[in-house]
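Student: To start, I am sharing the structure in question, which I have written as structure tokens.
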Amino acid sequence: NDNIVSKQNNPKLLFIVPYNIYGGAEIYIENIINELPNSYELSIICAKPNIIQNRINKKNVYHRTIELTEQLKNYIKPAQPQFIFYYNSEEIYLLLLELKRKSELSSNLIEIYHSDFSWTGALSLVSKREHLFKMIMVSEQVGTKINFEDKVVLPVGINIERFNVDSNKRKELGLSKSDKVIGTVCRLSKEKRVDYILELAKEMSDYKFLIIGDGPERKRLESIATKNVIFTGFRQDVELYLKTMNAFILASRMEGTPISIIEAMAAKISIFSNFVGGIPSIIKDGHSATKISGDNVKEDCEIIRKNFQNINYINNAYDDVIKKHDIKNNIKEFINIL
2 NDNIVSKQNN PKLLFIVPYN IYGGAEIYIE NIINELPNSY ELSIICAKPN IIQNRINKKN
62 VYHRTIELTE QLKNYIKPAQ PQFIFYYNSE EIYLLLLELK RKSELSSNLI EIYHSDFSWT
122 GALSLVSKRE HLFKMIMVSE QVGTKINFED KVVLPVGINI ERFNVDSNKR KELGLSKSDK
182 VIGTVCRLSK EKRVDYILEL AKEMSDYKFL IIGDGPERKR LESIATKNVI FTGFRQDVEL
242 YLKTMNAFIL ASRMEGTPIS IIEAMAAKIS IFSNFVGGIP SIIKDGHSAT KISGDNVKED
302 CEIIRKNFQN INYINNAYDD VIKKHDIKNN IKEFINIL
């Protein structure tokens, strides 16, 4: 890496974070930034205050929040970094495109395409791209309808060693060593369908359920949860909570490439999930995980009980995460892309 860096003469990289959400896309770039050599000059500009600013403390990283479009333009034009990374925001893309069309920006634009989610202002609704250097797709399953030729796939990378830890969280959470614990890590919003996990918990009263995360649905979900469900809120030391679980579950109807599943693979616990979005690029039913229906509670309860701790699946998942999602390897490919 150092040899590559010296040839590129300490490249300047700017990452634009468009929202105040801290989710999969933000963790994706956070893991990349944390692994890049210190000889890089890195800037993170947030269009809204974001927790990512508190999670990256490297000396070579400059942080700033710039909420107004004109002020962002006035920052970017004189900065002229070698590479600008953006994602998920049509507004940010159009801002950069305008500067490119007017020849006011010489930077190489790289879009990180994390999911096909669509909402007002989502870049996934724009099918054509102009003036890009590269488009980085986090899996082969996403972005297939985007009209741009120079796409590369760079899977989500995590620090696998981080999940090789012992955890004492069971005692803190009031759980015994013999408790069978199923958990999830996600933003508590409607699309994650934590409601369905609570339905499973109601049927599986002999199991404990652990909900890690926060969001607009938290109060409502807590009000309808049974006594065998524990809410922890957002946690930065998520590895300690994953190691508390025997199994991980995801019930979303829509997903990009959920980092929570990749982290569960690294934590060596059973995985139960809907196979939507980019999930089939990470896990395989009957090999490294178990597929749930997501709409038949009794059927899924039976599936979970039957496959609660399938050692073969757990070992296969761990082998797969080492092969495809080790940030130590993925960062080399990232540098090659530059």
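Quick note: to get this note's numbering, add 1 to the position in the sequence shown (first position is 1). Idealized CB from N, CA, C, for every residue including glycine.
Taking the beta carbon of D117 as the centre, do at least 16 other beta carbons fall within 10 Å, making it buried, or is it exposed?
Tutor: Taking the first residue of the sequence shown as 1, we reach residue 117 at position 116. Under this definition D117 is a buried residue.
Student: Residue range of the alpha helix (DSSP H) that N308 falls in?
Tutor: Taking the sequence shown and counting its residues from 1, the one referred to as residue 308 is at position 307. Note, N308: premise wrong, no alpha helix (DSSP H); not H, not E.
Student: Given a cut-off of 8 Å, decide if M255 and I270 are closer than it, judged by their beta-carbon atoms.
Tutor: Start at 1 with the first residue of the sequence shown, and residue 270 comes out as number 269. Start at 1 with the first residue of the sequence shown, and residue 255 comes out as number 254. No.
Student: From V154 to H115, what distance separates their C-alpha atoms?
Tutor: Your numbering for residue 154 matches position 153 in the sequence shown. Your numbering for residue 115 matches position 114 in the sequence shown. Cα to Cα, V154 sits roughly 11 Å from H115.
Student: Under three-state DSSP, which class holds K292?
Tutor: What you label residue 292 is simply residue 291 of the sequence shown in a count that begins at 1. In the structure shown, K292 sits in a strand (DSSP, three-state: E or B).
Student: With a threshold of 16 other CB atoms inside 10 Å of the CB of V127, please say whether the residue is buried or exposed.
Tutor: Start at 1 with the first residue of the sequence shown, and residue 127 comes out as number 126. Its Cβ having fewer than 16 others within 10 Å, V127 is exposed.
Student: By a C-beta neighbour count over all protein chains shown, 10 Å radius and 16 as the cutoff for buried, is H326 buried or exposed?
Tutor: As a first step, residue 326 must be located in the sequence shown, where it is residue number 325. Counting Cβ neighbours within 10 Å, H326 comes out buried, since at least 16 surround it.
Student: Give the secondary structure of T121 by DSSP, where H, G and I count as helix, E and B as strand, and everything else as coil.
Tutor: Residue 121 sits at position 120 when you count from the first residue of the sequence shown. The answer is coil: DSSP assigns T121 none of H, G, I, E or B.
Student: Whose C-beta lies closer than 7 Å to the C-beta of E1 among residues of the same chain, with five residues either side of it excluded?
Tutor: In the structure as shown, the chain starts at 2 and stops at 339, and residue 1 therefore has no counterpart that could be examined.
Student: Between the alpha carbons of N229 and E200, how many angstroms are there, rounded?
Tutor: Residue 229 sits at position 228 when you count from the first residue of the sequence shown. Residue 200 sits at position 199 when you count from the first residue of the sequence shown. The alpha-carbon atoms of N229 and E200 are separated by roughly 11 Å.
Student: Quick one: Cα of I336 to Cα of I213, how far?
Tutor: As a first step, residue 336 must be located in the sequence shown, where it is residue number 335. As a first step, residue 213 must be located in the sequence shown, where it is residue number 212. Answer to the nearest angstrom: the Cα atoms are 33 Å apart.
Student: Which residues does DSSP list as the beta-bridge partners of N109?
Tutor: The residue labelled residue 109 in the question sits at position 108 within the sequence shown. In DSSP, N109 forms a bridge with F84.
Student: Which term fits D3, buried or exposed, when burial requires 16 or more other beta carbons within 10 angstroms of its beta carbon?
Tutor: Locating residue 3 in the sequence shown gives position 2, counting from the first residue. The predicted position of D3 is uncertain, since its pLDDT is 39 and thus under 50; a value taken from the coordinates is nonetheless stated next. Exposed, by the Cβ-count rule.
Student: Please determine, among N331, C187, S206, K191, the residue with the shortest C-alpha to C-alpha distance to D180.
Tutor: Along the sequence shown, read from residue 1 onward, the residue named residue 180 stands at position 179. Here the closest residue by C-alpha is S206.
Student: How big is the Cα-Cα spacing for P217 and S282?
Tutor: As a first step, residue 217 is located in the sequence shown; it is residue number 216 there, counting from the start. As a first step, residue 282 is located in the sequence shown; it is residue number 281 there, counting from the start. P217 and S282: Cα-Cα distance of roughly 29 Å.
Student: State yes or no: is the beta carbon of K13 nearer than 8 Å to at least one beta carbon in chain B?
Tutor: You won't find chain B in this structure, because it holds only one protein chain.
Student: From A268 to L243, what does the alpha carbon distance come to, in whole angstroms?
Tutor: Residue 268 sits at position 267 when you count from the first residue of the sequence shown. Residue 243 sits at position 242 when you count from the first residue of the sequence shown. Taking the straight line from one Cα to the other gives about 6 Å.
Student: If we ignore side chains and look at the alpha-carbon of each, how far apart do S7 and K170 end up?
Tutor: Taking the first residue of the sequence shown as position 1, residue 7 is located at position 6. Taking the first residue of the sequence shown as position 1, residue 170 is located at position 169. Here S7 scores only 38 on pLDDT, less than 50, and its place in the model should not be relied on; the value that follows carries that caveat. S7 and K170: Cα-Cα distance of roughly 44 Å.
Student: Rounded to the nearest angstrom, how far is the Cβ of G25 from that of T258, given a contact under 8 Å?
Tutor: Here residue 25 corresponds to residue number 24 of the sequence shown, with the count starting at 1. Here residue 258 corresponds to residue number 257 of the sequence shown, with the count starting at 1. Right, their Cβ atoms sit about 7 Å apart.
Student: Going by C-alpha distance, which of M138, R130, I57, R163 is nearest N148?
Tutor: To locate residue 148, count along the sequence shown from 1; it is residue 147. For N148, the nearest C-alpha among the options comes from R130.
Student: Cβ of V166 within 8 Å of Cβ of I260?
Tutor: Residue 166 sits at position 165 when you count from the first residue of the sequence shown. Residue 260 sits at position 259 when you count from the first residue of the sequence shown. No, they are not a contact pair.
Student: I need the DSSP call for F335, collapsed to helix, strand or coil.
Tutor: By one-based count along the sequence shown, residue 335 stands at place 334. Correct three-state label for F335: helix.
Student: I'd like the list of long-range same chain contacts for N21, defined as Cβ closer than 7 Å, with 5 residues on each side in sequence excluded.
Tutor: Mapped onto the sequence shown, residue 21 falls at position 20. K49, P50, N51, listed in sequence order.
Student: Which runs of the alpha helix (DSSP H) fall wholly inside the region 236-270 and span at least 4 residues, in chain order?
Tutor: DSSP runs (the alpha helix (DSSP H)) wholly in the region 236-270: 239-243, 260-267.
Student: Would you mind reading off the limits of the alpha helix (DSSP H) that contains G355?
Tutor: This structure cannot speak to residue 355, because the chain is shown only from 2 to 339.
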